[in-house]
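Peer 1: Per full-length UniProt numbering: the sequence shown ends with 249, consecutive numbering throughout.
Have a look at the structure that comes next, please.
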Amino acid sequence: MVILVEQKFAIITDIHGNNAALSAVLNDIDCDPNINHIYCLGDLIGIGHETNEVLDQLFSRNDIIYVIGNHDEAVLDILSGKEPESVGEEREHHQWVAAGLSSEFLPKLQNMPKEHRETIAGKKCRFIHYHMDQNLHFLPIDHRPTIDRLDELYQDAPADIICFGHHHFIHHFRSNQGLYINPSSLGCHQHPLAPYAKVKIGESGEIDVSFIEVPYDNKAFLLQFEKENVPAKDFILKNFYGNQHLDFI
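In structure tokens:
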């Protein structure tokens, strides 16, 4: 007879070089002694300018499992001399991030897998950055996700809980096939909030999901885009942060 023990874990994703938001979320997670582990679902870097600060804070911990995201891949491609999938202003931004990335963080970034699978409290869990094709290439964002579409994507490799990010909106879908969770982007928000999720699996197999938004002071982070002359800063500040920096000028 297998005796199940209640397990609780946190999901963070799409930090996007925002160390101020990351600090707020990790502080919140650390206040919950019942959280056994943190799963980070990619895009640690890119968009935000606090690349090394984010990686230093994350890699200094021993309670986080990672999968790689598309922005992480693009920066690594540039550093290895490959052609990244990004083009235009986005590629210029990735080149800027790559130029400032401290080499001490490269081994851990390079060893991040595309997915992580683990059985937690009797539940089969799959952690990915986003949906992928058979060649492990990320699919285009589905802006109108449905339960039927998600079930179709994972019908050949079902899991009880599938966690992903990339699309910066909360997903919480349940079907007979599985539970799909996306906590939204931790580092990119139209307000000074940093989202993440907690998942608790009870002794009887019940699953409780909590979506949390942690408030933080983003003034210094937003104003630094201009000081650092971050490539594509106008596009980034408008589309990923809702031009919040204008409130501080």
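Virtual Cβ for every residue (Gly too), placed ideally from N, Cα, C.
Might you give, ordered along the chain, the residues of its own chain that have their beta carbon closer than 6 Å to the beta carbon of V199, omitting 5 neighbours on each side?
Peer 2: F9, V209, listed in sequence order.
Peer 1: In the DSSP assignment, what residue or residues form a beta bridge with F211?
Peer 2: A197
Peer 1: Going straight from the alpha carbon of A20 to that of P231, what length do you get?
Peer 2: Rounded to the nearest angstrom, the two C-alpha atoms are 20 Å apart.
Peer 1: For A121, does the three-state DSSP call read helix, strand or coil?
Peer 2: The three-state secondary structure of A121, taken from DSSP, is coil.
Peer 1: Got a sec, what are the start and stop residues for the alpha helix (DSSP H) N239 sits in?
Peer 2: 233-239
Peer 1: Do G187 and I15 count as a contact pair if the criterion is CB distance below 8 Å?
Peer 2: yes
Peer 1: Using a Cβ distance threshold of 8 Å, determine whether the region 138-148 contacts the region 166-181, with at least three qualifying pairs required.
Peer 2: yes
Peer 1: For my contact list, I11 and L41 are in at a C-beta cut-off of 8 Å; report their separation, rounded to the angstrom.
Peer 2: 7 Å
Peer 1: Given 8 Å as the limit, is there contact between the region 71-86 and the region 100-119, that is, 3 or more CB pairs closer than that?
Peer 2: Output reads yes: the region 100-119 touches the region 71-86.
Peer 1: Starting from I147 and walking both ways along the alpha helix (DSSP H), at which residues does that stretch end?
Peer 2: Note, I147: alpha helix (DSSP H), 147-153.
Peer 1: Are there three or more Cβ pairs, one per stretch, closer than 8 Å when the region 50-67 is compared with the region 148-159?
Peer 2: no
Peer 1: From the DSSP output, in three-state form, read off L222 for me.
Peer 2: helix
Peer 1: Q177: which of I141, L55, C125, I29 sits nearest, CA to CA?
Peer 2: C125
Peer 1: Around the Cβ of A159, are there at least 16 other Cβ atoms within 10 angstroms (buried) or fewer (exposed)?
Peer 2: Its Cβ being crowded by 16 or more others within 10 Å, A159 is buried.
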